[in-house]
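So that you can map any letter, position 278 of the sequence shown is 288 in the numbering used here, and since no number is skipped, the others follow by simple counting. For every residue, glycine included, the Cβ atom is placed at its ideal position computed from N, Cα and C.
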Amino acid sequence: MNDMLTTTPDFSIEAAAALLREHYGLTGTLSPLASERDQNFKVETPEGIFILKFVNAAEPEVESDFQTALLAHVGAHAGDLPIPHIRPTLAGASLARATSLAGVSHRVRLVSWVHGQPLAETQRSDAALVSLGRMLGRFDAALKGFMHPGALRDLDWDIRKAGRSADRLHHVTASEDRALLERFLARFSAIEPRLATLRAAVIHNDANDWNVLVDAADPDRVSGLIDFGDALHAPLIAEVAIAAAYAGLDHTDPIGAAAAIARGFHAEYPLLEEEVDLLYDLIAIRLVTSVTISASRRAHTDDNPYLAISERPAWTLLRKLDRMNPRFATAILRKACGFEAAPGARAVIDWLAANRKTLAPLLERPAATYPAALVPYGDPAHPMTVRSAAEQPDAAQAIWEEYCHKNGVTLGIGPWGEERTVYAGEMFVSRFIEGTRRTHHLGLDLFMAAGTKVFTPLAATVVSVEIEKDPLGYGCLIALRHEPEGCPPFISLWGHLAHEAMGRLKAGDRLDAGALVGEMGAPSENGGWAPHLHLQLSTDTDLSATEILGVGEPRYLDVWAELLPDARTFGGIAREFYEREGRSHEEIVKMRRELLLPNLSISYDKPIKFVRGEGVWLIDDGGRAYLDCFNNVCHIGHAHPAVVEAMAKQAGTLNTNTRYLHDNIVAYAERLTATLPKELTVAGFVNSGSEANSLALRMMRAHTGRENAITLDWSYHGTTQELIDISPYKFRRKGGKGPKPHVHVAPVPDSYRAPADWPPEEHGRRFAESVAELIAAMQAKGEDPGFFIAESIPSVAGQVFLPEGYLKEVYRLVREAGGVCIADEVQVGFGRVGSHWWAFETQGVVPDIVTMGKPIGDGHPMAAVVTTREVTDSFDNGMEYFNTFGGNPVSCAIGLAVLDVIESQDLRGNALAMGNYLMDAFRDMQTRHEVIGDVRGLGLFLGIELVTDRKSKAPATEFARAVSNGARRRGVLMGTEGPHDNVLKMRPPMIFSKRDADHLIAVLEETFADVARTLG
């Protein structure tokens, strides 16, 4: 290169004008243009504007021929590209020759002028830089397949030769500047071997902001590309790196400028990930090349302003790049090209979303179960924000605690992406964007009392445990590496912890899911904040704990969202906490009163608005999750994916009625009857438990011709009038009119309240005697019973488990009198008891008719009646039975899906195991709480009867209601049943796990203790 400085052309304007006339037949005004090694003139003639170039004599002719061939190739393959076009000489040649006064021969080229303003003289908007990228992409795409011997030249500006800069370091006088360059050269040495593996092509190689022109009328549009003197065969990505290096000079956001160029180039000529991953280092090494070449030339050409044209801004940009984290810069560049900010980032996010149900709770209970509120750091004027920014954590905590006490809040949440003014220190100044602060929170904050324990939701390996001592820093900071099966590895960061973890954990330790990570630290050890956990994820596992940004620039939130994604799913926070939708509670209550039946009840004094169900959880409109131990309709869990899929698939294909043939109804009838005793072979389908019981009564009348009913006290069988008439739970309460003459009520066979002198083994027979007495009374009047109906486990009567032999004796009595026996399995069927499919089987009997509903469709309105062939023959009396929606293809598809799940996942076995586990825990509680009079249950149909005195068994109604409400406040739903509302009723979904059971037990323990303190 230094040889070329001694052979630079030096023609006067007059000599150049004469040569212009001689070779091109043109006259006009000439004005000199700056050039590094050639000599250029702007030529204004009547025929147009041109550039006259005198080529450096040291330039091999093959290189001049190369430029000529390049321009011709682009002209032929992308003629619309705004680049110079060669004007041939009068002799028709592409180049002329001229001899200088020194006797040196130079080649001469005349090309068309490209109109526009140099990019260097504009604001270099993002739009302009994207346009530049697109221009370069189109230019390089047009050169695909083009090659010329002149392109294979040895040039210091070839990015592959950037390592030569090390030989020029001695020209840099300041030691700190040399150290800066050495750092970038060391990084380049590490990546240099990879350059040979990348795509290579002929590129412009010098898209500096003086070689790029923009439209004067539209400075956002690049209108031209000039000066192809440095063009050569090189890695394709070098084109983007070089343009980005120059665009970043004096730019407030140099990586943003690079990203804009890369985005535009990628749109025209798609880049590869492995190319973009080198872009930061290639930008830096281009600048290193520039400043070292400038330093080495000063002695030879002190008066050449071109050599210093970008040196000062280049040093400034190098220092900026040195302060940046290269991995963050690369993430920004990757995202600009549509790639993941870090490889595997989206897979991590997707895996967490798909597997969130399997994550262990981060707090002692699932975080979504705590009553939560937004911490007001997003409000710059809030006193808590002001105190925190002023490094007054105790005052900030006092403000928060007062709010929590007044509003019943247990957990404070600081969301990802929130803009905050609390980040006031110098550490929050952006290293990417000049004059900008990092203001957006990139973690999830969970505020609870100092000492609150936090646990890892996934198995992990400890990466680091350290103390960050900066004011408003992290305090004790822990990084964990997670490698779940089927998911790329990722890092979780736990900040503001107590120092106790330093003595308990070390790098390399293995933690199981649910293992203790640490405790929320007090202000004295957590960096000076109100106590909380800062939880963060990083999909880049090469970032150290202190490198992970906790606060980011708003411009790059889309990048941070992949690189440092929202930890809400990992932490167990429901999306509804952030995205409340729909009408307010008050508005809904008001509209219900105006539009719905006035006696349509609402649970709880403060109603809950549920907006989503998932498995064993119900989520309200504020994102609080409630463990559902009460709503047994969703038998295999709320919104079970198998049920949703079956429903959607069939609904998207066909739904019609039973007058037409369809596979589903017979397939379901076959599967359903297979779960029942062999005598029960014929099914009829309806839409609700009430419809099922009404159909059963219709069958009964057809078979017996009678009306007399025997029913159990405090039983409930449905909402139609004929069913209310046989439901003492309704007709003996407010609004009821008592039993009708044909209804005969037998006492509930409740062994807990049986006379003390009855031997337990005789309870079944003794309670059945009341049924015998009712039959005898009917027969004394010349009548007989038509039917006996009972839930196989009376539910609203208080989860009463029938004494052994009761149904066997009652069924015998009724059948001997000519009646039929109806088992109401609407609440207790489909394997809920665990030991059997149907609760009546626990009594060793076979009913004449079985009714079922609620759990049959896992929330879909569906029900059925199954009976014997004998009863069916009587019902087939000539009157058609038709139900528009009963047994429709969609309902039957859902019913089949429910059976599939119960069988394939052995949910009966799970119900039995979890029921036994809960029963053991409840009995243990009974030894410590005198108020628990009886514990009863089978499978996942459970009851705890509360009494004020175990001897008198007086119902503890107030205590039971307080426990139910207290559990609700703690995020667990259960009910109270029985004539005195003193029985805690629990019927959780069949998928109830040990973790769910432990959560229920913990809440009950806490609630019982609290109610005992409150009520004495």
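A Cβ-Cβ distance of about 4 Å is found for the pair Ala489 and Val473, placing them in contact under the 8 Å criterion. As a beta-bridge residue in DSSP terms, Met862 pairs with Ala874.
The Cβ neighbour count for Gly147, taken over all protein chains shown within 10 Å, is at least 16; the residue is labelled buried. Considered as a whole, the stretch 718–751 harbours 731–734, 738–741 as its complete alpha helix (DSSP H) runs of no fewer than 4 residues, in chain order. Ranked by Cα distance from Gly981, the options Glu510, Glu429, Leu421, Leu553 are led by Leu421. Note on geometry: alpha-carbon atoms of Leu515 and Arg842 lie some 44 Å from one another. If you draw a straight line from the Cα of Ile247 to the Cα of Val286, it comes to about 7 Å. With contact defined as three or more Cβ pairs closer than 8 Å, the stretch 703–723 and the stretch 875–883 are in contact. In the DSSP assignment, no residue is bridged to Tyr279. In the three-state DSSP reduction, Arg117 falls in the strand class (E or B).
Annotation for Arg174: Asp166 place their beta carbon closer than 7 Å to its own, counting only its chain and skipping 5 residues before and after. Straight-line spacing of the CA atoms in Ala702 and Ser805 works out to 17 Å.
Within the DSSP secondary-structure output, Pro965 pairs in a beta bridge with Val957. Distance check between Ile295 and each of Phe198, Asp552, Val881, Ala635 places Phe198 closest, using alpha-carbon atoms only. If you compare the alpha carbons of Tyr34, Val838, Thr967 with that of Leu100, the shortest gap goes to Tyr34.
Cβ-Cβ separation between Ser802 and Phe850: approximately 4 Å, consistent with a contact (criterion under 8 Å).
For the pair Ile904 and Arg933, the Cα-to-Cα distance works out to about 37 Å.
For Ile293, the closest C-alpha among the options Asn215, Gly354, Tyr726 is that of Asn215.
Leu235: member of the beta strand (DSSP E) spanning 228–235, first to last residue. In the structure shown, Pro393 falls within a helical segment according to DSSP collapsed to helix, strand and coil.
The secondary-structure analysis by DSSP pairs Val53 across a beta bridge with Leu40, Phe60. Counting other Cβ atoms within 10 Å of its Cβ, Asn992 reaches 16 or more and is therefore classed as buried.
Residue nearest to Ser440 within the set Arg333, Phe500, Ala977, Glu529 is Arg333 (criterion: CA-CA distance). C-alpha of Ala251 to C-alpha of Gly143: approximately 11 Å in a straight line. Within the stretch 419–502, the complete beta strand (DSSP E) segments at least 3 residues long are 421–424, 454–457, 463–465, 470–478, 485–492, listed from N- to C-terminus. Secondary-structure assignment with DSSP links Phe695 through a beta bridge to Ala874. DSSP, read as helix, strand or coil, puts Glu890 in coil. For Val806, the three-state secondary structure derived from DSSP is coil. One Cα belongs to Lys154, the other to Ala210, and the distance between them is close to 10 Å.
Spatial neighbours of Pro229 in its own chain (CB-CB distance under 8 Å, excluding positions within 5 residues in sequence) are listed in chain order as Gln127, Thr132, Gln133, Ser135, Ala138.
Secondary structure of Val836 (DSSP, three-state): coil. Every alpha helix (DSSP H) of 4 residues or more that sits fully in the stretch 247–311 is shown, in chain order, as 264–278, 283–286, 289–307. Put simply, the backbone Cα of Arg585 is about 18 Å away from that of Ser594. Apart from the 5 residues on each side of it in sequence, Ile736 sits with its Cβ closer than 7 Å to the Cβ of Ala719, Thr721, His727, Val753, Ile799 in its chain, given in chain order. Between the alpha carbons of Arg716 and Pro795 lies a distance of about 7 Å.
Annotation: the stretch 756–826 contains the following complete segments of the alpha helix (DSSP H) (minimum length 4 residues), in chain order: 773–790, 816–826.
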